[in-house]
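Numbering (the numbering used here), first residue to last: 1 to 167.
Contents: one structure, followed by commentary.
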Amino acid sequence: MEWPARIADEAELEEVLTRPDPALAADLAAVPGPLLVLGAAGKMGPTLCRLAKRADPDRRVIAVARFSEPGLRVRMESWGIECIAADLTDRAALAALPEAENIVFMAARKFGSTGAEELTWAMNVLLPAMVAERFPDSRIVFFSTGNVLPLVPVLSGGADESVPPAP
């Protein structure tokens, strides 16, 4: 894959980040069924959804989030992604979601947790259990956060499982 020498703006960055590699397209083609992305309106969700759709244009990609950012839902729908606005902590909303063999769980809370620890616990502990109960037969990839790890030098290669949590 060719990379530009310089990225001019956010639109070009998004285009580059969502250019599918042939290996990704082959991997997705080998996994049947729709892709349901929970918490899809966060930092990485729109990019991941667009990449999946570009890698496998005929696949049903369903993005679920609150969609509080103005214009994001419309932009994602323009990419061919089906969007569902829902509060995932609402059991009725979770039950109403379509069945999906493949789920990427990206819904979490990290910023703004001070003073709202109960919501952080609900989003990061209770909600994953609720999703596992709702979709017992699905393949679920659970995204987590590196925010529980300390800063490490760039040249170290990053934190791994041997680094103790130290927020």
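C-beta atoms are modelled at their ideal positions from N, C-alpha and C, and glycine is treated no differently.
- Straight-line CA distance for Met1 to Asp21? 7 Å
- Message: Which same chain residues end up closer than 7 Å to Ala93 when comparing Cβ atoms and leaving out the 5 residues on each side of it in sequence?
- Response: Ala86, Asp87
- Nearest neighbour of Met44, chosen from Phe143, Pro98, Ser156 [CA to CA]: Phe143
- Query: Could you give the C-beta distance for Pro34 and Glu101, rounded to a whole number, given that I count them as a contact under 8 Å?
  - Reply: 7 Å
- CA-to-CA distance, Phe105 to Ala30, given in whole angstroms: 20 Å
- Task: Please confirm whether Leu38 and Ala132 have their CB atoms less than 7 Å apart.
- Result: no
- Query: DSSP puts Ala63 in a beta bridge; with which residues?
  - Reply: Val37, Cys83
- Item | Residues near Arg60 in its chain [Cβ-Cβ closer than 6 Å; skip 5 each side] | Pro34
- Verify whether the separation of the beta carbon atoms of Ala40 and Val64 is less than 7 Å. yes
- Item | Coarse secondary structure for Val163, derived from DSSP in three states | coil
- C-alpha gap between Asp27 and Glu161, whole angstroms: 26 Å
- Could you check if Asp58 is buried or exposed, using at least 16 other CB atoms within 10 Å of its CB as the buried criterion? exposed
- Query: Which runs of the alpha helix (DSSP H) spanning at least 4 residues fall entirely within the stretch 8-33, listed in chain order?
  - Reply: 10-17, 22-29
- Message: I need the straight-line Cα distance from Val152 to Pro164, nearest angstrom please.
- Response: 12 Å
- Which partner residues of Arg139 appear in the DSSP bridge assignment? Asn102
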